[in-house]
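Read through the structure below, which is laid out as structure tokens, and then see the notes.
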Amino acid sequence: MRDEGIVRERIPRGAPVNRPMRSSQAPAAWLLMTPALAGLLLFLLLPFGLAVVLSFSNLRMGSPLPLEFVGLANYTLAFTDTGLTRALLNNLLFALVVVPVQTALGLALALLLNRPLAGRAVFRTLFFLPVVFPLSLVAVVWVLIFAPGPDGLLNAALGLLTFGGWEPRDFLNDPFWALPAVMLTSIWQGVGFQMVVLLAGLQAIPRQLYEAAAVDGASRWRQFLHVTLPGLRNPLIFVVIVTTILSFRVFDQVRIMTRGGPQDASNTVIHEMVRTAFDQGHVAMGAAMSVVFFLVILGIALVQRRLLRQRGEVS
Amino acid sequence: MNRWPRLRAALAYALLLAFTLLFVAPVLFMLVGSLKPDELVLAEAGTLRAFFPDTISLDNYRAVFERVPFGLYLASSLIINGLIVGLGLLVNAFAGYALARLRWWGREAMLALVLAVLVIPFEAIAIPLFYQLSWIGWRDDWLVQAIPFVANPLAIFLFYSFFLGLPRELEEAARVDGAGVLRTFFVIVVPNAKAAFASVAIVLFLFHWGMYLWPLLMTTSEAVRPLPLGIANFHTLPPLQWGDIMAFGVLMVLPVLILFVVFQRWFVRGVASTGIKG
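Heads up: the protein sequence lines correspond to chains R and V, in order.
Reading the first sequence from the start, the letters are residues 1 to 315 in the numbering used here.
Reading the second sequence from the start, the letters are residues 1 to 278 in the numbering used here.
See below:
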């Protein structure tokens, strides 16, 4: 066997050594690639193309009307006649609150756990724990935590903290509190993710940088500003972008906790899309919302690429 | 420079304990709620009894099995996730290997395709995919909840990156010995890529175990519905028994927790490397 291999390599003199291998590898390569390729085409690219096509049609579930091309009608109507505009604003507000709060909290936890403390691993496990909880379960547990009346866990806790000054309220049915309640639930579930990414980033910063800064007489605060933060640049961009994208994908919590209410106060793009296309059967309009949602995500992804490319770094 | 080491340490612990309270309270609340009589869960939610019950019973757990087909939900979740993880490892590792190691016409185009579709979130195609599969009459079974998620661009990319980093010498030795591509892959590559397989398996499992939107769209029979849909429905099923719901929650998260405790290192690494979590 071994001899044959050597002989084969000697025969094509002057030709690239791997030429025969190249031709012999193509069938195997396509064999290995085909199952994944079929899956990606059938369950990702085809529906994606279908979303675009359907968004220009009048398709409704169970409608007797013939299928027609309606141009941009779904797009204009989506913004004026459905909850989409309000939902987009809610997602934006969600991102504006959740991204900074969750990142700051994740950074604080990572900094605390980056010190040589006994029991560090236990704390890390506890903070990471909610990340492995399914969102549907988290949402149901928090419905109970947000229970109305003085007996509700959160109402009672706030009453205790304010020495009875807190007026108990029905968080999930309150136009002001519904969205913040969903935000709080999401932060609780997701902050462990920021923490582990930032902790890995912190541990990758060379110790010598801190030692050099200390020799130069830099205070802890200045070390944080000039060593820690620049060292965390890429992990920070990564978690901020991922959390921003997740902020626009919010669905499970909203569906289970508030159903988008009251009066769309906690409605989100995906929730509006499911309500329109699935609950109301207006598939074409839902497809238009899918496309709008995709464009938002694409925009965020392009910003990320730009930020990471600026220094010639690719993540 | 570090004048008050003890004070600093004490401060750090105080902060950590405060955070621990915030993170653990909801979990403890669920666990304790699952162990006490239904009517007391809400009634005592505002007191310390929410965390330190005076009576404990497993009645709620029995009620879960009596009131809803919990065993069916669990079986569905296990089957669906078993298919996604099992087939997903094979299919995506195949593709990642072809892209990272083999020379073939079309390699660049396929790599570009995988990277391009990475940006499409599932929510953007859920509605047309729901329509597309309903149109051919495929809905309401286990397979329709698994097969669309087997090929995963992120998993392909993770395998691709990992295989690029493997030393080539081993494979070349095998190739010189006359082993074909498939044989080389299974005998040489797979045993040396355990880390990649573990990370991808955890990521696929963690992401799909909690999947809620897709089963909501695609299923109507309780017999094929997975746990997330089960708890969402249970929570709206009258009479509202919070103790039962919390027991359902504990049972639902238990398989993940066991896996998490056993494979914690891989969980953290997998999640940190990908950022995938709906």
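Don't be surprised by glycine CBs; every beta carbon is placed ideally from N, CA and C.
Limits of the alpha helix (DSSP H) - the one that residue i falls within
| i | result |
| --- | --- |
| Asp-244/V | 242-262 |
| Gln-263/R | Note, Gln-263/R: premise wrong, no alpha helix (DSSP H); not H, not E. |
| Phe-238/R | 233-249 |
| His-271/R | 269-274 |
| Leu-113/R | 84-113 |
| Met-30/V | 5-35 |
| Gly-230/V | 227-234 |
| Leu-217/V | 213-218 |
| Ser-199/V | 194-209 |
| Trp-221/R | 220-223 |
| Ala-213/R | 207-215 |
| Phe-128/R | 120-128 |
| Glu-171/V | 169-176 |
Beta carbon of residue i nearer than 9 Å to that of residue j
| i | j | result |
| --- | --- | --- |
| Thr-243/R | Gln-208/R | no |
| Val-296/R | Leu-84/R | no |
| Met-168/V | Arg-101/V | As written in the sequence, residue 168/V is Arg, which differs from the Met given in the question. Going by C-beta atoms, Arg-168/V is nearer than 9 Å to Arg-101/V. |
| Ser-247/R | Met-273/R | no |
| Val-182/R | Val-131/R | no |
| Gly-243/V | Ser-136/R | no |
| Val-24/V | Leu-126/R | yes |
| Leu-89/V | Phe-207/V | no |
| Val-197/R | Val-141/R | no |
| Phe-294/R | Ala-51/R | yes |
| Phe-48/R | Phe-56/R | no |
| Leu-179/R | Phe-94/R | yes |
| Ala-29/R | Val-268/V | no |
| Ala-95/V | Ala-36/R | yes |
| Ala-110/R | Gly-217/R | no |
| Pro-226/V | Gln-145/V | yes |
| Pro-175/R | Gln-263/R | yes |
| Val-98/R | Ile-187/R | yes |
| Ile-188/V | Ala-179/V | yes |
| Leu-107/R | Leu-232/R | yes |
| Phe-149/V | Ile-56/V | no |
Helix, strand or coil at residue i [DSSP, three-state]
| i | result |
| --- | --- |
| Ser-57/R | strand |
| Phe-163/R | coil |
| Phe-69/R | strand |
| Asp-140/V | coil |
| Tyr-75/R | helix |
| Ile-297/R | helix |
| Gly-49/R | helix |
| Met-195/R | helix |
| Phe-133/R | coil |
| Ile-188/V | helix |
| Leu-44/R | helix |
| Leu-158/R | helix |
| Asn-152/V | coil |
| Gln-280/R | coil |
| Leu-172/R | helix |
| Pro-35/R | helix |
| Arg-390/R | Missing from the structure shown is residue 390/R; chain R here goes from 1 to 315 and no further. |
| Asp-252/R | helix |
Close beta carbons around residue i, own chain, < 7 Å, minus the five adjacent residues each side
| i | result |
| --- | --- |
| Arg-124/R | Leu-113 |
| Leu-216/V | Leu-229 |
| Tyr-210/R | Gln-223, Val-227 |
| Gly-33/V | Val-41, Trp-242, Gly-243, Met-246 |
| Leu-158/R | Trp-166 |
| Phe-130/V | Leu-217, Met-218 |
| Trp-214/V | Ala-126, Gln-145 |
| Ala-73/R | none |
| Phe-185/V | Tyr-97 |
| Tyr-160/V | Gly-96, Leu-99, Ala-100 |
| Trp-266/V | Ala-198, Ser-199, Ile-202 |
Own chain residues within Cβ distance below 6 Å of residue i, not counting five before or after
| i | result |
| --- | --- |
| Gly-230/V | Tyr-73 |
| Tyr-61/V | Ala-247 |
| Leu-22/V | none |
| Ser-23/R | In this predicted model, Ser-23/R has a pLDDT of only 49, less than 50, meaning its place in the structure is not dependable; the value taken from the coordinates is given anyway. Result list for Ser-23/R: empty, nothing under 6 Å. |
| Pro-168/R | Gly-149, Pro-150, Asn-155 |
| Leu-105/R | Val-191 |
| Leu-45/R | none |
| Ala-10/V | none |
Residues near residue i in its chain [Cβ-Cβ closer than 8 Å; skip 5 each side]
| i | result |
| --- | --- |
| Asn-152/V | Gly-88, Asn-92, Leu-204 |
| Gly-5/R | Low confidence applies to Gly-5/R: its pLDDT is 38, below 50, so where it sits in the model is not reliable, and the reading given next is rough at best. Closer than 8 Å at Cβ, skipping near neighbours: no residue. |
| Val-213/R | Correcting the residue type first, residue 213/R is Ala in the shown sequence and not Val. Correct list, in chain order: Arg-222, Gln-223, His-226, Val-227. |
| Leu-115/V | Pro-153, Phe-157 |
Residue-level contact to chain A via CB, residue i, 9 Å cutoff
| i | result |
| --- | --- |
| Ser-290/R | The structure shown has no chain A; the protein chains it does contain are R and V. |
| What alpha helix (DSSP H) runs, 4 residues minimum, are completely inside the segment 37-124 of chain V? | With a minimum length of 4 residues, the continuous alpha helix (DSSP H) runs that stay inside the segment 37-124 of chain V are 38-43, 59-67, 70-101, 107-117.
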